[in-house]
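All remarks here apply to the structure that follows.
Residue numbers (the working numbering): 413 to 503.
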């Protein structure tokens, strides 16, 4: 079972890893327009493309492009969506 997170102690819009969570790799307290929301995102143990690197393979570029195309509408929703944070942190 995952450890309980105190929403009040989490800083706004600062993602952190959750190595002991069974399914999600990160957590963030998303804050926007006076609203707060706990968002868990990212598959635990998934091999993502990571941030763009100099000399990365075409396969990784294609993987990143596919993710952004597949989740583009949800990423555009902003800070209150898991896709936004996955894009920012993991891709």
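Yeah, the Cβ is synthetic: ideal placement off N, Cα and C, and Gly gets one too.
Straight-line Cα distance separating residue j from residue i
i	j	result
residue 473	residue 464	8 Å
residue 497	residue 483	11 Å
residue 436	residue 445	26 Å
residue 433	residue 419	16 Å
residue 427	residue 454	11 Å
Own chain residues within Cβ distance below 8 Å of residue i, not counting five before or after
i	result
residue 486	493, 494, 495, 496
residue 489	495, 496
Contacting residues, own chain, Cβ-Cβ under 6 Å from residue i (five flanking each side not counted)
i	result
residue 475	461
Sequence-distant residues of the same chain with beta carbon closer than 7 Å to residue i, five excluded per side
i	result
residue 415	432
Any non-hydrogen atom of the ligand PLP closer than 8 Å to residue i Cβ
i	result
residue 477	This structure simply doesn't include the ligand PLP, nor any ligand for that matter.
Ranges of the alpha helix (DSSP H) found wholly within the region 432-496, counting only runs of at least 4: 470-487
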